[in-house]
Ligand code: C2E
Ligand code: MG
Ligand code: MG
Ligand code: MG
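Residue numbers (my numbering): 294 to 583.
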């Protein structure tokens, strides 16, 4: 009897859970607590040089470990954080802890660069430059070791963002446009922001190698990046065929589950040699094919 109903019971709890989880007021209260009670954490995903297999940097991706709800992915709470202003303290926390981790890695001899996702709201803070300077100083890091990944947003006050980013760029911090090609103003951002890197949105790589359209779009972005002297990185590399396509197109960098999922820092460290081996193997495959 009990066993038979087990599944339905679970369903019942699951819908109660959904009800709580989907309630933005409750979630906002819980998100406040999350900051105070240190329920937020960062996972890290490597960016890989597609010719050498070297790790060129790591991206910090936020997770929320709720005591009852479990691990909550960013897309389930970042929009709420942006709408309520909580993105400011959350963003400060992410910058500080990513830099703290990077400092630790540098001390261990893992000489990498960290990328932190930054919402447009954060760029509207007049004191963001000062905050970042302090964070870098506290963690004894050169600005060159920090990259900010900016995602487009419709409501953006672009002028404030331009002046903040220009000042950060002058300091030496690297700037990249995230999810390039999916937003409303990709090209405006590219034109107006002092960009070092474009990240091709993963939706374009999904169609490789079956969709000639997606392949054409990726080639066009790569060629544009080359002509503008902007670095281009492909997001969402999941399969060998995608890696080979990107290598053939001379795309310098990639990121995706093929190399590694976002991982806790201790787990990522162990993967570094494995990732290099993978790229080198497929690089050789590709030469054989040609
Ligand atoms: P994003 O910055 O574009 O990050 C890439 C997302 O794609 C991540 O999802 C990553 O786990 C996922 N991903 C990586 N490789 C692959 C792959 O090969 N295949 C597929 N299907 N997915 C892949 P995640 O971690 O859930 O983050 C989602 C978004 O949340 C991020 O997109 C970013 O916009 C935002 N986000 C994450 N952390 C922060 C943060 O600290 N601050 C802000 N403002 N936004 C953040
Ligand atoms: Mg990103
Ligand atoms: Mg992205
Ligand atoms: Mg994204």
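Think of the CB as a built atom: it goes at the ideal place given N, C-alpha and C, for glycine as much as any other residue.
With a threshold of 7 Å on Cβ separation, who are the neighbours of residue i within its own chain once the five nearest residues in sequence on each side are excluded?
i	result
residue 453	416 and 417
residue 303	Only weak support is given to the placement of residue 303: the predicted model assigns it a pLDDT of 46, under 50, and the value that follows is read from those uncertain coordinates. There are no such residues.
residue 317	373
residue 384	411, 412 and 415
residue 361	none
residue 398	405
residue 424	385
residue 476	445
Less than 8 Å between C-beta atoms, sequence neighbours within five positions excluded: which residues of the same chain meet that for residue i?
i	result
residue 301	Unreliable placement is indicated for residue 301, whose pLDDT of 46 sits below 50; the coordinate value is still reported in the next sentence. The answer is none, since no qualifying residue turns up.
residue 543	515
residue 433	396
residue 479	445, 470 and 473
residue 422	457, 460, 461 and 464
residue 435	429 and 465
residue 506	500
residue 326	332
Regarding residue i and ligand 5, is the C-beta to nearest heavy atom distance less than 6 Å?
i	result
residue 368	As presented, the structure is devoid of ligand 5, carrying ligand 1, ligand 2, ligand 3 and ligand 4 as its sole ligands.
How many whole angstroms separate the CB atoms of residue i and residue j, which I take to be in contact at a CB cut-off of 8 Å?
i	j	result
residue 324	residue 374	6 Å
residue 315	residue 370	Going by Cβ atoms, the distance from residue 315 to residue 370 rounds to 12 Å, so no, they are not a contact pair.
residue 526	residue 563	In fact, because the Cβ distance is near 23 Å, the residues do not count as touching under 8 Å.
residue 388	residue 428	5 Å
residue 378	residue 571	Going by Cβ atoms, the distance from residue 378 to residue 571 rounds to 42 Å, so no, they are not a contact pair.
residue 574	residue 343	At roughly 13 Å, the Cβ-Cβ gap does not stay under 8 Å, so residue 574 and residue 343 are not in contact.
residue 561	residue 351	7 Å
Between the beta-carbon of residue i and the beta-carbon of residue j, is there less than 7 Å?
i	j	result
residue 414	residue 380	yes
residue 412	residue 335	no
residue 558	residue 394	yes
residue 440	residue 408	yes
residue 552	residue 372	no
residue 328	residue 367	no
residue 523	residue 568	no
residue 565	residue 365	no
Mind checking which residues open and close the alpha helix (DSSP H) that includes residue i?
i	result
residue 488	That residue, residue 488, is in no alpha helix (DSSP H); it is neither H nor E in DSSP.
residue 398	380-400
residue 476	Where residue 476 is concerned, there is no enclosing alpha helix (DSSP H), given that its DSSP letter is neither H nor E.
residue 429	421-431
residue 246	One cannot answer for residue 246 here, as it falls past the ends of the chain, which runs 294 to 583.
residue 325	317-329
residue 439	Premise fails: residue 439 lies in the beta strand (DSSP E), 439-443, not in any alpha helix (DSSP H).
residue 499	495-499
residue 534	533-541
residue 456	451-464
Below 6 Å CB to CB, which residues in the same chain sit around residue i once its five sequence neighbours on both sides are set aside?
i	result
residue 296	Annotation note: pLDDT 39 at residue 296 (below 50); position unreliable, coordinate value reported separately. Closer than 6 Å at Cβ, skipping near neighbours: no residue.
residue 529	495, 498 and 549
residue 451	none
residue 294	For residue 294, the pLDDT reaches just 33, beneath the cut-off of 50, and the residue's location in the model is therefore unreliable, although a value from the coordinates is still provided. The answer is none, since no qualifying residue turns up.
Specify, as a first and last residue, the run of the beta strand (DSSP E) that residue i falls within.
i	result
residue 473	467-473
residue 408	407-411
residue 347	Here residue 347 belongs to no beta strand (DSSP E), and DSSP marks it neither H nor E.
residue 546	546-548
residue 338	333-342
residue 375	Segment 371-377 is the alpha helix (DSSP H) holding residue 375; no beta strand (DSSP E) there.
residue 525	524-528
Check: Is there contact between the segment 491-509 and the segment 459-467, where contact requires at least three CB pairs shorter than 8 Å?
Finding: no
Notebook entry, point to check: Can we say the segment 350-362 touches the segment 529-540, given the rule of at least three CB pairs closer than 8 Å?
Noted result: no
Note to self: Can you confirm whether the segment 478-493 touches the segment 516-524 when touching is taken to mean that 3 or more C-beta pairs between the two stretches lie within less than 8 Å?
What the structure shows: yes
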